[in-house]
Amino acid sequence: MALRRTRDVQVAATRASILDAAERLFAELGVAAVSSRQISEAAGQGNNAAVGYHFGSKTDLVRAVIRRHALPMEDVRRALFEQHRDSVELRDFVTCVVCPYTEHLGTLDAPTWYARFAAQVIADPGLRQLAAEELRDAPMLAAVSEALQRCLPALPDEVCREREDMAHTLIVHFCAQRERAGTPDWTATATSLVDAVEGLFQAQRTLRHGG
């Protein structure tokens with residue numbers, strides 16, 4: 001039993017090292033430019049097949065990095081949503097969009113790489129779809145989206161979804177910019193983003209093609 005526990009600890013440590021190395025290299029070089037061999041070497045693994053052994057394909061590894069951060073962000077989102085569940089103020093639910101991201105980044109050891117990794121993912125259509133599939137079962141994301149639409153009754157659903165997409169793109173790339181600059185103030189970043197995203201949702205809609 002003790003040997004099994006020791007083995008489990010070693011496997012967990014190896015997986016964490018691979019995830020750390022992958023996240024950093026993906027953030028620095030881009031997902032397409034990084035090989036599984038490079039990741040294994042950066043993780044200090046003598047076996048170049050370590051990524052495949054522990055995670056499968058590189059796509060599976062990208063999924064694992066996304067999942068690693070999505071779970072704690074969903075916990076923050078749940079707490080914020082419970083706090084604001086009965087609110088009718090748009091800003092409260094914009095906070096539920098922005099702050100899970102910035103608060104999570106604030107819990108990570110510096111230097112952080114996740115915002116830059118996320119920027120790589122969101123800029124690539126295939127990876128963006130992969131991330132969407134990973135987040136499909138995040139119930140708080142859906143709850144926040146519904147609450148935003150309730151706060152914006154005059155905005156058609158498709159326009160609200162489009163602006164949500166704009167908001168997520170802004171959040172990811174702005175946080176990546178701050179992360180790249182070094183020693184970011186995530187609380188101040190959150191305030192700036194909440195202001196901007198609230199304005200984005202409230203912007204006047206221009207009617208097109210008579211719609």
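Residue numbers for the sequence shown, in the UniProt record's numbering: 1 to 211.
From the three backbone atoms N, C-alpha and C, an ideal C-beta is built for every residue, glycine too.
From a predicted model like this one, the values you see are computed outputs, not experimental measurements.
Looking at residue j and residue i, is the spacing between their C-beta atoms short of 8 Å?
i, j, result
"E179", "T112", "yes"
"residue 225", "F201", "Look at the range of the chain in this structure, 1 to 211, and you will see that residue 225 is not part of it."
"I39", "V31", "no"
"Y114", "I171", "no"
"F174", "F117", "no"
"V194", "V94", "yes"
"R67", "E134", "yes"
"residue 220", "A119", "Since the first residue shown for the chain is 1 and the last is 211, residue 220 is missing from the structure and cannot be characterised."
"A110", "T183", "yes"
"C99", "A196", "no"
"H84", "D92", "yes"
Can you look up residue i in the DSSP assignment and give me helix, strand or coil?
i, result
"E158", "helix"
"L152", "coil"
"Q83", "helix"
"L29", "helix"
"G56", "coil"
"T183", "coil"
"G46", "coil"
"V65", "helix"
"S40", "helix"
"R77", "helix"
"L19", "helix"
"R205", "coil"
"L108", "coil"
"E146", "helix"
"S192", "helix"
"E198", "helix"
"G211", "Confidence at G211 is low in this model, with a pLDDT of 49, below 50, so the placement of that residue is unreliable and no value is reported for it."
"V34", "coil"
"E164", "helix"
Do we get a CB-CB distance below 8 Å when we pair residue i with the residues of chain D?
i, result
"G30", "Among the chains in the structure shown there is no chain D, since it carries only a single protein chain."
May I ask whether a heavy atom of the ligand FMN can be found less than 7 Å away from the beta carbon of residue i?
i, result
"A32", "The model on display carries no ligand, and the ligand FMN is accordingly not part of it."
Rounded to the nearest angstrom, how far is the Cβ of residue i from that of residue j, given a contact under 8 Å?
i, j, result
"D144", "F81", "For the sequence presented, residue 144 should be read as Val rather than Asp. Confirmed, about 6 Å."
"I122", "T187", "Contact flag wrong, Cβ pair sits at about 23 Å."
"L90", "L152", "7 Å"
* To do: For the stretch 135-155 and the stretch 74-83, state whether three or more C-beta atom pairs, one from each stretch, are separated by less than 8 Å.
  => yes
* To do: Give, in chain order, every unbroken run of the alpha helix (DSSP H) that is at least 4 residues long and sits entirely within the stretch 111-137.
  => 114-123, 125-135
* Within the chosen definition, does the stretch 8-27 reach the stretch 35-51 through at least 3 CB pairs nearer than 8 Å? -> yes
* To do: Spell out a yes or no on whether the stretch 56-68 and the stretch 126-135 are touching, meaning 3 or more CB-CB pairs, one atom from each, closer than 8 Å.
  => yes
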